[in-house]
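Residue numbers (the working numbering): 1 to 501.
These notes are about the structure you will find just below.
Put into structure tokens, the structure is as follows:
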């Protein structure tokens, strides 16, 4: 089956199950029927999807926070396994401290070969506490592109085509099609898909057109409400039509909008839906997520730092306060970019250190839960929230003439939390590497050692689908590219930690 046809079938099936009927002169009909899509086509779409995707509702439906490191992050923060060999063959040597163990004259190499001051010491603690796992061999072999745009799309949509729908949109269509909670029009989840980075590749629509409740909503680190009616409009109206009460005026405007839109059924159904959704989300965000997210965090657990930390804190609080939220897109923009072509070492180390400080804060908060306005624990911890952190490609390991790293291939996946999800295994370091390339020249990389476990970046998408109940996620990562006829399988979390090389 062509991927494009499959995506359209998902869209038809999902919309058919969730959009309420429209009252017309001919009686109640579905919006799809109004658009010329027949019951026969809906049944054909169901047959197509059921024939391609094997789905079994998991015991626990997780929440995934997807943190993307734009710019191609180096692996060295989580992998100094080969650093002596790398430095000896690099155009420029690495700092002497990076060649020594932490127990040997204040070196930087931790027991598991991570960079101590680049988050390595924190990772050692979190791995020992089974709060995270580190995969060192995310290795793009198929279509080995290191171009930013192409690599961003393939890593975020789970395939080789830039036109494919993003991971979040594909997941939304699958949940709408298969999961009872998402299929019930009387129990539509609130804010199921969130972007905290504005327009995200993760929600690229491709061929999938989702119903309004399942499209991503963009929030910021202060939960500023995108659905709140413009205050200046309310203020102007309040002086002329509804007295001095802005709240009363807002209610009058809402009633007027509903009354006006009620006569627009069929032709302007999207407008009607938007009015209804605006009010619903306005009430929810104002009532549950209003104010500074820091006020939801116990004082001793508010160890988030920097602008990225504010975003990470907001995403974590949202996951705790609203289990309906299933997928959150977040970037590391507050830390700066990862395109380290020059003067790389100091800036990179500081960024990874801040990243890991905030990852540890998020995991600790998930285990603790939030508090109410009086500081009283809400007793709402979660062990079913998975945080994945990765980029689009890696870097060279050679220090070039500008003391930086140019584009490479091999990279890390840092994955945290979700210990309550079936099959989830934390506390591991998987993948061993070796240096490849000609000594003294720029194009030197790490590569998985012979026999080491490795996977394509697109397998990260398959793993997310698997957590949500898809038994054959490779069906969702195939496309019309002949190089990927079978799609990409999920990461094997059962693989054991590998000996350090």
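Every residue, glycine too, gets a C-beta built ideally from N, C-alpha and C.
Check	Outcome
Residue 123 in three-state terms, based on DSSP	helix
Residue 117 versus residue 294 - alpha carbon distance	27 Å
Those residues which DSSP pairs with residue 227 across a bridge	DSSP lists no partner for residue 227.
Three-state class that DSSP yields for residue 341 in the structure shown	coil
Straight-line Cα distance separating residue 83 from residue 122	20 Å
DSSP state of residue 137 mapped onto helix, strand, coil	strand
Buried or exposed by the 16-neighbour rule on C-beta atoms within 10 Å, applied to residue 432	buried
For residue 80 and residue 98, believed in contact at Cβ under 8 Å, the rounded distance	7 Å
Contiguous alpha helix (DSSP H) assignments of at least 4 residues, all confined to the region 136-179	148-157, 167-178
Spatial neighbours of residue 365 in its chain, beta-carbon cut-off 7 Å, leaving aside the 5 residues before and after	297, 301, 316
Continuous alpha helix (DSSP H) stretch holding residue 310: start and end	306-321
Through-space distance from residue 349 to residue 114, alpha-carbon basis	11 Å
Unbroken stretches of the alpha helix (DSSP H), 4 residues or longer, contained in the region 418-501	459-467
Range covered by the alpha helix (DSSP H) that runs through residue 211	No alpha helix (DSSP H) contains residue 211, which DSSP labels as neither H nor E.
Bridge partners - residue 390, DSSP secondary structure assignment	68
Residue 91 and residue 440 closer than 8 Å at C-beta	yes
Backbone CA spacing between residue 94 and residue 436 [nearest angstrom]	17 Å
Environment of residue 197 [buried if 16+ CB atoms lie within 10 Å]	buried
With 16 other Cβ atoms within 10 Å as the buried cut-off, status of residue 213	buried
Given 8 Å, three or more beta-carbon pairs between the region 395-404 and the region 340-349	yes
N- and C-terminal bounds of the alpha helix (DSSP H) containing residue 329	Residue 329 -> not in any alpha helix (DSSP H); beta strand (DSSP E) instead, spanning 327-331.
Other residues of its chain near residue 127: CB distance less than 6 Å, five sequence neighbours each side excluded	427
Of the listed residues 448, 319, 415, nearest to residue 463 (C-alpha basis)	415
As assigned by DSSP and simplified to three states, the class of residue 101	strand
Where residue 385 sits in the DSSP three-state scheme	strand
Touch test, the region 447-454 against the region 134-152, Cβ-Cβ under 8 Å, three pairs minimum	yes
Boundaries of the alpha helix (DSSP H) in which residue 83 is found, first to last residue	83-89
Separation of residue 104 from residue 149, as counted between CA atoms	42 Å
Local conformation of residue 299 per DSSP, three classes	helix
Euclidean distance between Cα positions of residue 143 and residue 151	9 Å
Residue from 207, 71, 125, 175 with nearest C-alpha to residue 361	125
Nearest neighbour of residue 88, chosen from 495, 457, 438 [CA to CA]	438
Helix, strand or coil at residue 412 [DSSP, three-state]	strand
Reference residue 492; option with closest CA among 167, 434, 430	430
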